[in-house]
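Chains A and B, in that order, give the protein sequences. To convert, count from 1 in the first sequence and add 630; that's the numbering used here. To convert, count from 1 in the second sequence and add 32; that's the numbering used here. Glycine is no exception: its CB is placed at the ideal position from the N, C-alpha and C atoms. Bear in mind that the values here come from a model prediction, so they are computed numbers and not experimental data.
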Amino acid sequence: MIGHPEDGYPATAGMLASVAHAAMPAPDQVRGGTPERPTPASEAADGPSPGRTRPADPDGVADREPFGLVAGWWPVAFSSEVYASPRGVRLGGRQIVVYRDEGRVVRALTDRCPHRRMPLSMGTVTSAGLRCGYHGWVFDGASGRCTVIPDLGPETPSGRIGVPAHPVSEEGGFVFVWTGSGTPQPLTPVLPVAGWERVQPSRQVVRGVVEARAAHTELSEALLVNPGAALGLGWLLGGGDEMLGPEVVLDAAGVAARRCRLTWSLPRLGTYDPVSKRTTVSTTATTAATGMTTTLAETPAGRTVARVVVGLTPVGAYRTTVRWRVETLGLGSRLASASCCLTVAGRPLTGRMAHRLETAADGVGSGCDPAVQGLRELRAALVTTPGLPASAAKDPKEVR
Amino acid sequence: MTTTTPAHMTTEHPRTNTNTAVLPESRTASGPADFRPGTFALRDAWFPVVHTRLVGRRSVLRPIHGQPIYLWRDNGVLKASEDSPKDRERGRYRASEFTAGTGFYPVGERYGYAWVWYGNPAAASLDLIPHLPHLPVDKSLPRHFLGNVVFDCSYELVCDNLLDLSHADLLHSWQQRVAGSEIRVSSTSETVMMARVAGGRPIAKARRRQLKAERQDFRMATLVHVRSGVCMLYGSYEPGMSVRMLHPANPESATRTRTPVTFNLQRLSPLTRHLSPLAGHLTARQDNWALRPQNQRYLRAVAEDEPDLNSPFDVASLRYRKVYQDLVARQRLGDYSYRPDGDPGRDVTAEIERG
């Protein structure tokens, strides 16, 4: 849902077309005055060149992929984490500030005041926009333009003054930011899996945030292979050995895999059969561009018991913020939800929160899972031909 | 102190007239695009590193641009060396170019401060110590007038902040508002001065009975020695108090600036004179809240970064950046001398009192 904090799940591409996006001012537009040429020692003898400005950038090359990430809708926070007070978050190579304006719409701006480089996340939200905490310059959340410079009198700030504003989407309890340049593509940030539409939103929701020392690509592969083991929710999603071969479905946007696993990953005595033979069937779908992962877990009788959505926010070359959200469904949902809470609370007692995720990410490279191979191919195609998901709506291809 | 021209001062490019800008006439502002605070150490300057009251037999460490400076008294004589006395007893002798291989910096006592020369010792002349009117030359003020504030940023940003008026309304909202003031900015090759004058300002209700007036005139002059970061503030309220303040910004590192401040408060009750200097830490804390993240942004800056935008209220700040950049450019080429208009020791009494 765009601009609403409710956790609504039915996500379609059509709904995303009305994203509250804003034109991002080009770099040469947000500069005021006539900056002098830098004067390094080699050029000092020539003297400054007053009035000289940087050459225009008609192709917007400087603005291409400003985050250093593949163009896509990347999760930056839970909806419940974004309030009227601004929050600074890192996404790829850029620091951004997200906040809710007075109309409860989530806005995202580059977290840097163009005046004196103060983080705008240290400012306050006013009716006119986001106000910098140092000198009080106010920026409109939708366009990024500067609307107020205190004490300027009757003059209004030049329309060229502003900060880049990033398109924002709010869906399924997550806040997404578009990282490409230009108009965002109407893609679904959360890839639905088979049976998704049948499941009604649950009120039993548990959320968790973990910062893992691993690349987001490896984490997304680990989550695609065994989300239960990676998140420590094996009892809910199945975390043991695979009993059957995976059913893998590839399309342009991502990859989905249906697996039947032993529920418990217990140590085995020699070559004896595992003590517990209980199995859990889960279907996991991963978006190729962002690694956004969704999982539906079923009982052996085919009843859906949990829906898990995991968002990966790259905050460094080898550091990722993992946000997971579990909805438990059906008769035992309250009990399962309480168990999830206990899992979250007890995790720090048994080691680092991110230990399981990092272990899973480290181990994924040695496997030869067909779903992971498909995900890697899709990702490589995205890097070489940006914008593939919009143009290449191929028929899903099944790989056994 | 007279304005004689020492022998080491250059005479080329004399600038007899100071550049003066008056805010209402200059509505646009553009500044140096490549302002990189914390990346270049300006040298050949006297730094007021510590209050002489605080220097005894035990050494005190006060770095300048990361260079260690230990100060102590040896039979009452002030010493400044690159190694502490204990290290020297153990046989450790650092000897950099800043001490010409002796291990001891040129040092002087004036205005209640220990002044240390950071640069070529051969160029050290006591005449280059900035002239500070309103502070006694040969003694220190009482202890309650002295303070010691540490900012988590480079000293360029501290100076920039002092010359920046528009942040005060938001960050120090209890202070006088900027709007309506007449602001004049002037500069030499070494200093930037900003004077702010406002007449007939309403007095806060709580103070009206005490001052027996409803309105007051206000004048504040800020003089910044760009090379050394020595900042002088002279504020006067008529009727009301007068603040004469020395606000050094000693560059200990790119992320740390020490300010051994001296307040000289006049026309106040004895109790208020004792307590008012304590408010310095409240103001400094508010400034540091902004300066700390700002400094990281400037230190991490890359060539592709957008240059800062400016408003008409940034005239003084831009003038400071211009003078700073000029100094950096000159020192990069090996010119560490002072030009005739930039003599730090010139008498500035009339300049700052006149505003």
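query, result
"Asp106/B, buried or exposed, once every other Cβ within 10 Å from all chains shown has been counted against 16", "exposed"
"At least three beta-carbon pairs within less than 8 Å, the region 788 to 806 of chain A to the region 728 to 741 of chain A", "yes"
"For Arg1009/A and Thr847/A, believed in contact at Cβ under 8 Å, the rounded distance", "7 Å"
"Test item: CB-CB of Arg144/B and Pro309/B under 7 Å", "Reading off the sequence shown, one finds Gly at residue 144/B, where the question assumed Arg. No, these two residues do not count as a Cβ contact at 7 Å."
"Beta-carbon gap between Met226/B and Ala348/B smaller than 7 Å", "yes"
"Sufficient close CB pairs (3 or more, under 8 Å) joining the region 775 to 787 of chain A to the region 214 to 230 of chain B", "no"
"Cys890/A - containing beta strand (DSSP E), residue span", "884 to 892"
"Cutoff 7 Å: His765/A Cβ touching any chain B Cβ", "yes"
"According to DSSP, residues forming a beta bridge with Arg142/B", "Tyr145/B"
"Backbone CA spacing between Thr131/B and Asp170/B [nearest angstrom]", "25 Å"
"His199/B: contacting residues in chain A (beta-carbon distance under 7 Å)", "Tyr764, His765"
"Nearest-angstrom Cβ-Cβ length linking Arg953/A and Gly941/A, presumed shorter than 8 Å", "4 Å"
"Nearest candidate by alpha-carbon position, reference Ala888/A, set Pro1000/A, Gly759/A, Arg720/A, Ser751/A", "Note that residue 888/A is Arg in the sequence shown, not Ala. Cα-wise, what sits closest to Arg888/A is Pro1000/A."
"The region 844 to 863 of chain A touching the region 874 to 891 of chain A, judged by at least three CB pairs closer than 8 Å", "yes"
"Enclosing beta strand (DSSP E) for Gly759/A [first to last residue]", "759 to 761"
"Reduced DSSP secondary structure (H/G/I, E/B, other) of Asp379/B", "coil"
"Within chain A, the residues that Thr352/B reaches when beta carbons sit closer than 7 Å", "Thr is not the amino acid found at residue 352/B; the sequence shown has Tyr there. Correct list: empty, because the minimum Cβ distance to chain A is about 13 Å."
"Chain-ordered neighbours of Ala3/B on chain A, where CB pairs are closer than 8 Å", "Here chain B has residues from 33 to 387 only, and residue 3/B is not among them."
"Beta bridge counterpart(s) of Ala286/B as assigned by DSSP", "For Ala286/B, which the question treats as bridged, DSSP gives no partner whatsoever."
"Where the beta strand (DSSP E) through Lys111/B begins and ends", "109 to 113"
"Reference Ala156/B; option with closest CA among Phe72/B, Thr381/B, Ser369/B", "Ser369/B"
"Closer than 7 Å to chain B by CB, Ala671/A", "Residue placement at Ala671/A is flagged as unreliable, the pLDDT there being 34, under the threshold of 50; the coordinate-derived value follows with that caveat. Yes, its Cβ sits closer than 7 Å to a Cβ of chain B."
"Three CB pairs or more closer than 8 Å across the region 254 to 263 of chain B and the region 235 to 243 of chain B", "no"
"Buried or exposed (CB count within 10 angstroms, at least 16 for buried), Asp373/B", "buried"
"Classification of Cys971/A by the beta-carbon crowding that lies within 10 angstroms, buried from 16 upward", "exposed"
"Sub-7 Å separation of Ala281/B and Met748/A beta-carbons", "no"
"Residues of its chain near Arg730/A, where Cβ-Cβ distance is below 7 Å and the 5 sequence neighbours each way are ignored", "Val712, Tyr713, Ala714, Val736"
"Validate contact between the region 342 to 358 of chain B and the region 83 to 96 of chain B using beta carbons, cut 8 Å, 3 pairs", "no"
"Residue nearest to Met264/B in terms of C-alpha spacing, selected from Thr381/B, Tyr137/B, Glu121/B, Pro174/B", "Thr381/B"
"Residue range of the unbroken alpha helix (DSSP H) whose run includes His166/B", "Premise fails: His166/B is in no alpha helix (DSSP H) and is neither H nor E."
"Limits of the unbroken beta strand (DSSP E) element including Trp104/B", "102 to 106"
"Proximity test, Cβ basis, 7 Å: Ala322/B and chain A", "yes"
"Own chain residues within Cβ distance below 8 Å of Val1013/A, not counting five before or after", "Val700"
"Inter-residue Cα distance where the pair is Thr304/B and Leu297/B", "9 Å"
"Boundaries of the beta strand (DSSP E) in which Val798/A is found, first to last residue", "798 to 801"
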